[in-house]
Amino acid sequence: CFAGADLKVTGIDFLKSQNCQQHHTDGYSTQGLVLRRGQPFLLQLRFNRPLRAADRLSLRFGIGDKPMKTRGTLMSLKPKQDQDFSGWQISIVKSSGNECLLSVISSPRSPIGKYNLNVKTGPNIYEAANAIYLLFNPWCEGDVVFLADGAQRKEYVLNDTGYIYVGSSYHIYGRPWNFGQFEEFILDACMYLLDKSKLKLSDRRDPVSVSRAMSALVNANDDRGVLMGNWSGEYRNGTSPMDWIGSVSILQQFYKTKLTVCYGQCWVFAGVLTTVMRCLGIPSRCVTNFNSAHDTEENLRIDTYIDETGKRLNISSDSVWNFHVWSDVWMKRTDLPPGFDGWQAIDATPQELSGGVFRCGPCPLRAIQEGDVYVPFDSKFVYAEVNADEVYWLVKKVNGKDKYIKVKTETKGIGVNISTKAVGQDKREDITWQYKFPEGSEEERRSMQRASSFLRPMGITPRSAFGSALCTHDVDSRVEVQHEAASKSGLQIEITKKEALYPGNPLELAIVVKTSTPGSWTINLAGSCQLQSYTGKVEASLGCVKETIKLEGKSEMEVPLKIMPDEYMKVLPSVEDEVLVHVSAIAEVQGTDDKLTKGTTMSFEYPPITVQMPETAKLNKEFTCAFIFKNKLNIPLDNCKLLVEGLGLFKMATFDEGDVQPGRIIKSEVICTPTRLGEKKIVAKLTSTQIKGISTEKAITIVE
Numbered sequence: 001c002f003a004g005a006d007l008k009v010t011g012i013d014f015l016k017s018q019n020c021q022q023h024h025t026d027g028y029s030t031q032g033l034v035l036r037r038g039q040p041f042l043l044q045l046r047f048n049r050p051l052r053a054a055d056r057l058s059l060r061f062g063i064g065d066k067p068m069k070t071r072g073t074l075m076s077l078k079p080k081q082d083q084d085f086s087g088w089q090i091s092i093v094k095s096s097g098n099e100c101l102l103s104v105i106s107s108p109r110s111p112i113g114k115y116n117l118n119v120k121t122g123p124n125i126y127e128a129a130n131a132i133y134l135l136f137n138p139w140c141e142g143d144v145v146f147l148a149d150g151a152q153r154k155e156y157v158l159n160d161t162g163y164i165y166v167g168s169s170y171h172i173y174g175r176p177w178n179f180g181q182f183e184e185f186i187l188d189a190c191m192y193l194l195d196k197s198k199l200k201l202s203d204r205r206d207p208v209s210v211s212r213a214m215s216a217l218v219n220a221n222d223d224r225g226v227l228m229g230n231w232s233g234e235y236r237n238g239t240s241p242m243d244w245i246g247s248v249s250i251l252q253q254f255y256k257t258k259l260t261v262c263y264g265q266c267w268v269f270a271g272v273l274t275t276v277m278r279c280l281g282i283p284s285r286c287v288t289n290f291n292s293a294h295d296t297e298e299n300l301r302i303d304t305y306i307d308e309t310g311k312r313l314n315i316s317s318d319s320v321w322n323f324h325v326w327s328d329v330w331m332k333r334t335d336l337p338p339g340f341d342g343w344q345a346i347d348a349t350p351q352e353l354s355g356g357v358f359r360c361g362p363c364p365l366r367a368i369q370e371g372d373v374y375v376p377f378d379s380k381f382v383y384a385e386v387n388a389d390e391v392y393w394l395v396k397k398v399n400g401k402d403k404y405i406k407v408k409t410e411t412k413g414i415g416v417n418i419s420t421k422a423v424g425q426d427k428r429e430d431i432t433w434q435y436k437f438p439e440g441s442e443e444e445r446r447s448m449q450r451a452s453s454f455l456r457p458m459g460i461t462p463r464s465a466f467g468s469a470l471c472t473h474d475v476d477s478r479v480e481v482q483h484e485a486a487s488k489s490g491l492q493i494e495i496t497k498k499e500a501l502y503p504g505n506p507l508e509l510a511i512v513v514k515t516s517t518p519g520s521w522t523i524n525l526a527g528s529c530q531l532q533s534y535t536g537k538v539e540a541s542l543g544c545v546k547e548t549i550k551l552e553g554k555s556e557m558e559v560p561l562k563i564m565p566d567e568y569m570k571v572l573p574s575v576e577d578e579v580l581v582h583v584s585a586i587a588e589v590q591g592t593d594d595k596l597t598k599g600t601t602m603s604f605e606y607p608p609i610t611v612q613m614p615e616t617a618k619l620n621k622e623f624t625c626a627f628i629f630k631n632k633l634n635i636p637l638d639n640c641k642l643l644v645e646g647l648g649l650f651k652m653a654t655f656d657e658g659d660v661q662p663g664r665i666i667k668s669e670v671i672c673t674p675t676r677l678g679e680k681k682i683v684a685k686l687t688s689t690q691i692k693g694i695s696t697e698k699a700i701t702i703v704e
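For the sequence shown, full-length UniProt numbering gives the first residue as 1, with consecutive numbering after it.
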């Protein structure tokens with residue numbers, strides 16, 4: 001070309017492998033360049049002739065429909081100017097022949113999202129073929145999501161598998177979950193959600209706004225978001241919440257169809273929200289709160305009603321879930337006074353409106369711990385989930401009318417064993433201490449007083465929809481409030497199981513009644529066994545026991561409660577959710593005011609799935625993975641489905657195994673082709689008409 005020719009760009013090389021490795025984004029499956037804000041990246045430009053000092057060259061990075069400099073959505077960078085007013089910088093690293101290597105640093109306060117790049121040379125404009133995705137950057141000290149600890153960044157940003165803890169506070173187990181933030185279309189699904197959120201581009205700089213918007217969009221309630229919640233037990237026109245093993249198929253289906261996916265329950269909402277946060281670069285973890293209060297009246301009190309047989313009644317507007325799962329995200333809270341940085345709770349499960357929309361958070365864990373329940377967002381609701389008191393009311397028939405007798409206030413039962421996956425290990429970490437001070441400590445008392453001063457005062461009447469209708473006129477005669485006097489007999493109740501609870505076997509349970517004070521005590525005991533869903537809803541009553549016991553001084557007696565398989569096996573197939581065994585007991589000491597109630601929730605146990613495969617495999621070289629299950633139960637398992645997924649190994653697959661009789665062994669195989677290096681996990685789940693919750697996972701290391 002002759003020397004006077006106009007300068008034209010003939011190509012741009014995004015130097016993907018080099019940039020993505022530096023930016024910890026080499027896992028993303030996308031055509032474009034994925035970068036984290038506030039960190040340098042390199043671009044190689046090719047021209048029709050060598051670059052000269054007099055040439056005019058500017059790189060223009062634009063986001064949104066109409067990028068504008070004045071709004072900070074168009075960055076026009078000229079190598080000769082040190083810095084654009086937007087905080088972006090560009091410099092020439094080297095220029096040789098017709099090529100020029102440039103270094104660009106975006107501002108650590110840039111809006112996140114999808115940018116287009118064009119290069120202007122005089123009157124000529126060259127458009128880059130692929131987009132640049134800019135994400136939050138936990139590696140950059142100037143970013144409000146900066147996380148100093150490398151092992152935590154690896155877990156909370158880069159780990160694409162994990163566990164969500166479920167069960168009951170007495171029997172916690174990890175359910176494997178594939179977050180899959182690097183899988184095909186997941187980043188694009190998150191970009192689509194950002195656009196759908198209608199957040200102003202300036203609000204996309206801020207992880208507070210982004211995480212709050214995503215907590216609304218992961219549920220479908222207001223905005224035709226990702227997932228429809230369903231706790232009805234009827235899932236025929238969708239996928240049962242129990243049948244998901246990760247977020248990938250949910251987000252891919254949503255992105256492909258642009259339609260809400262059916263159905264989710266709390267762990268599914270939390271799993272998907274954690275995927276979205278990690279994908280966008282906000283450190284995130286799934287958190288399970290056992291005995292989680294849903295306090296609809298914000299007065300820190302949950303009323304639970306039991307009848308004279310110890311049976312729990314489904315009549316309260318409040319509820320205690322055996323567990324509830326949400327997400328924590330890590331960020332500085334520049335919108336709040338100092339002291340509220342760090343972990344923030346966000347929740348996509350649609351429970352309560354927040355500012356007219358079903359969303360929750362971000363709420364600083366520090367605010368929950370200190371009782372600062374006025375701090376935005378939704379700290380009153382989250383505080384109650386981990387701190388409410390549970391008041392037990394005995395409902396007795398007296399002259400044909402219901403009479404309510406307060407039996408006890410449980411102050412330590414709500415918000416226990418708060419759990420997340422440990423950093424770098426496949427085990428549970430208890431993070432209760434990050435949410436609350438130790439029970440009974442001076443700090444806990446101060447925090448409770450502080451919170452109570454911002455919440456409604458507690459009444460002393462029962463307040464279920466059912467109770468309030470009966471108690472409006474003559475509260476005094478109906479409601480007998482007993483101040484919990486010290487027990488004369490030293491009465492205690494324990495509920496135990498004699499054997500592991502396997503479906504198809506008798507449930508061998510026992511109630512142990514103890515006294516510890518000198519004297520002869522006659523005790524009326526009633527105990528009841530029910531099946532309930534994880535939200536505390538009673539699905540069936542299985543049996544009860546009623547006995548009068550005589551104890552002398554410090555002594556105890558065990559009362560067996562045995563439920564035969566026939567009593568519950570006809571219920572299991574009709575309940576679409578995983579069920580728990582709830583045993584409750586009420587004891588009254590004759591001739592005293594001593595009354596006590598106790599409830600315990602236990603999980604069934606299941607035979608395992610075994611995964612057979614090599615410990616290591618080579619990149620792009622096929623290997624076989626086998627899944628083996630032996631039905632060791634006494635009952636057939638009908639309509640068995642095996643769901644398997646291995647991120648970076650094979651796409652999710654479902655095997656219809658039909659009915660599996662007792663003693664039968666099933667074996668299914670998958671051919672895996674590893675596409676990514678490092679430790680990869682395979683997750684498997686077996687569901688059937690009778691049982692929903694058998695799952696396992698196994699790791700394999702992929703080498704060059």
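Every residue gets a Cβ at the ideal spot worked out from N, C-alpha and C, and that includes glycine.
Exposure label - residue i; buried when at least 16 CB within 10 Å
i	result
Ile414	buried
Val703	exposed
Thr409	exposed
Thr616	exposed
Gln590	exposed
Ile635	buried
Ala485	At Ala485 the pLDDT is 48, less than 50, meaning the model places this residue with poor confidence; the figure from the coordinates comes in the next sentence. Exposed.
Leu596	buried
Ser327	buried
Thr257	exposed
Met331	buried
residue 762	Because the chain here runs from 1 to 704, residue 762 falls outside it and cannot be looked at.
Ser232	exposed
Arg312	buried
Val93	exposed
Phe198	Residue 198 is actually Lys in this sequence, not Phe. Exposed, by the Cβ-count rule.
Val671	Per the sequence shown, the amino acid found at residue 671 is Ile instead of Val. Classification for Ile671: exposed.
Under the three-state DSSP convention, the category residue i falls into
i	result
Gln39	coil
Ser232	coil
Trp139	coil
Arg49	coil
Leu649	coil
Asp638	strand
Asn178	strand
Ile112	coil
Lys154	helix
Asn104	Here the sequence assigns Val to residue 104, which means Asn is not the residue at that position. Strand, per DSSP.
Met68	coil
Ser379	helix
Asn130	coil
Glu183	coil
Cys363	strand
Leu77	strand
Val703	strand
Close beta carbons around residue i, own chain, < 6 Å, minus the five adjacent residues each side
i	result
Leu51	Ser95 and Cys100
Gln612	Ala626
Thr701	Thr616 and Glu679
Ala540	Leu531 and Val571
Chain-order list of residues whose beta-carbon lies under 7 Å from that of residue i (same chain, five-residue window excluded)
i	result
Leu455	Glu298, Asn299, Leu300, Val373 and Lys380
Contacts around residue i, its chain only, beta-carbon distance under 8 Å, and the 5 residues preceding and following it disregarded
i	result
Leu501	Leu507, Val581, Met602, Ser603, Phe604 and Glu605
Lys641	Asp243, Thr654, Phe655, Asp656, Glu657, Leu686, Thr687 and Ser688
Residue i CB to nearest heavy atom of the ligand FMN below 8 Å
i	result
Gln252	The ligand FMN is not among the ligands present in this structure, which contains no ligands whatsoever.
Length-filtered (4 minimum) alpha helix (DSSP H) runs lying within the UniProt domain "Transglutaminase-like" (258-350): For the UniProt domain "Transglutaminase-like" (258-350), whole alpha helix (DSSP H) runs of length 4 or above, ordered along the chain, are 266-280.
Could you tell me which uninterrupted alpha helix (DSSP H) segments, each at least 4 residues in length, are contained entirely in the segment 207-254, listed from first to last along the chain? Within the segment 207-254, the complete alpha helix (DSSP H) runs of at least 4 residues are 207-217.
Quick check on the DSSP output: what are the complete beta strand (DSSP E) runs of length 3 or more inside the segment 413-438, in order along the chain? Listed in chain order, they are 416-421 and 428-430.
Starting from the N-terminal side, write out each stretch of the alpha helix (DSSP H) that is 4 residues or longer and does not extend beyond the segment 502-579. DSSP runs (the alpha helix (DSSP H)) wholly in the segment 502-579: 565-569.
At a cut of 8 Å, does the segment 358-372 reach the segment 338-346 through at least three beta carbon pairs? Short answer: they touch.
Answer yes if the segment 138-154 comes into contact with the segment 260-274, meaning at least three C-beta pairs across the two stretches below 8 Å, and no otherwise. Not touching, per the Cβ criterion.
Counting pairs of beta carbons, one from the segment 208-226 and one from the segment 153-169, are three or more of them closer than 8 Å? Short answer: they don't touch.
The segment 396-407 contacting the segment 122-138, beta-carbon criterion three pairs below 8 Å: As far as the Cβ criterion goes, the segment 396-407 does not touch the segment 122-138, which means the pair count is below three.
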